[in-house]
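Everything in the sequence shown is counted per the numbering used here, starting at 773 for the first residue and increasing by one.
Yeah, the Cβ is synthetic: ideal placement off N, Cα and C, and Gly gets one too.
Beneath this line is the structure, given in structure tokens, with notes to follow.
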Amino acid sequence: MSAFSVVLLVCGVVCALALLSALVLILVTRDVLSRAVLADMVFYSMLAIFLIWTFANQTSIAYEIAILAALAGGVLPTLSMSRMISRGRR
């Protein structure tokens, strides 16, 4: 294993632990707003794991998928979070 592979493995483990902790917190917490924030954390940690995987396994469309997910995942959760906080009022 090269040094880069070790770094990718450590990054993947850290992201996986963050993903699992967010999933546990979603199940434990009762607050709707906290669940919404944790759902965003789950999405972004899955996106980070995908990007880590693409560094080790090259495909032709991997980065386009990540950019699309970041754009859609950056705008839509922000809008839904603002709706949840304002309770649907405009």
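- Task: May I ask you to report which of helix, strand or coil DSSP gives residue 826?
- Result: Here residue 826 refers to the residue found at position 54 of the sequence shown. The answer is helix: DSSP assigns residue 826 an H, G or I state.
- Integer-rounded CB distance, given that residue 833 should sit under 8 Å from residue 784: One-based indexing of the sequence shown puts residue 784 at position 12. One-based indexing of the sequence shown puts residue 833 at position 61. Actually they do not touch by this definition, with Cβ atoms about 21 Å apart.
- Query: Can the beta-carbon of residue 856 be found less than 8 Å from the beta-carbon of residue 795?
  - Reply: Your numbering for residue 856 matches position 84 in the sequence shown. Your numbering for residue 795 matches position 23 in the sequence shown. No, these two residues do not count as a Cβ contact at 8 Å.
- Item | Inter-residue CB distance, residue 780 and residue 827 (contact presumed, cutoff 8 Å) | For this step, residue 780 is matched to residue 8 along the sequence shown. For this step, residue 827 is matched to residue 55 along the sequence shown. About 6 Å; that satisfies the 8 Å criterion.
- Task: Would you kindly report the start and end of the unbroken alpha helix (DSSP H) that includes residue 798?
- Result: Start at 1 with the first residue of the sequence shown, and residue 798 comes out as number 26. From DSSP, the alpha helix (DSSP H) with residue 798 extends over 775 to 800.
- Query: So, residue 838 versus residue 848, is the Cβ gap smaller than 8 Å?
  - Reply: As a working mapping, residue 838 is identified with position 66 in the sequence shown. As a working mapping, residue 848 is identified with position 76 in the sequence shown. 8 Å or more divides the Cβ of residue 838 from the Cβ of residue 848.
- Item | residue 812 in three-state terms, based on DSSP | Sequence index remark: in the sequence shown, residue 812 carries index 40 (1-based). Helix at residue 812.
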